[in-house]
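Trainee: In this note's numbering, the protein residues as written are 582 to 676.
By construction, the Cβ of each residue, glycine as well, lies at the ideal position given by its N, Cα and C atoms.
Just so it is clear, the structure is predicted and the values come from calculations on it, not from any experiment.
Set out below in structure tokens:
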């Protein structure tokens, strides 16, 4: 049974934060101090949520930067693993 891949943090931000607050992309972008294009790319999973963006969300009172980055990392790791195993060998000399 395969585990469900973690969602992109932009989806959570779009549905659970902006949707709940009734904020438009333009209003939210202005409040966060980012461009509308930057926010839109994150919201639709076309761009990673950066540490800078995570700190902006924290300063805006939307969770912690650490939590947002943890969501992004979980999403990134799942995407890498879905691509198959990398060409790597054990580092210890006995293997």
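1) Determine the DSSP secondary structure at residue 673, reduced to helix, strand or coil.
2) Let me know if residue 653 comes out buried or exposed under the rule of 16 or more other beta-carbons within 10 Å of its beta-carbon.
3) For residue 582, does the three-state DSSP call read helix, strand or coil?
4) Is the beta carbon of residue 610 closer than 8 Å to that of residue 599?
5) Nearest by alpha-carbon distance to residue 646: which of 630, 657, 656 and 659 is it?
6) Does residue 590 come out as helix, strand or coil in the three-state DSSP assignment?
7) If you draw a straight line from the C-alpha of residue 617 to the C-alpha of residue 633, how long is it?
8) Helix or strand or just coil, what does DSSP make of residue 625?
9) Using the three-state DSSP reduction, which class does residue 600 fall into: helix, strand or coil?
Mentor: This is what the structure holds:
1) coil
2) buried
3) With a pLDDT of only 45 at residue 582, under the threshold of 50, the placement of this residue in the model should not be trusted; the figure read from the coordinates follows. Coil, per DSSP.
4) Judged by beta-carbon spacing, residue 610 lies beyond the 8 Å limit of residue 599, meaning their Cβ atoms are not closer than that value.
5) The candidate whose alpha carbon is nearest that of residue 646 is 630.
6) helix
7) Computed Cα separation, rounded: 16 Å.
8) Three-state result, residue 625: coil.
9) helix
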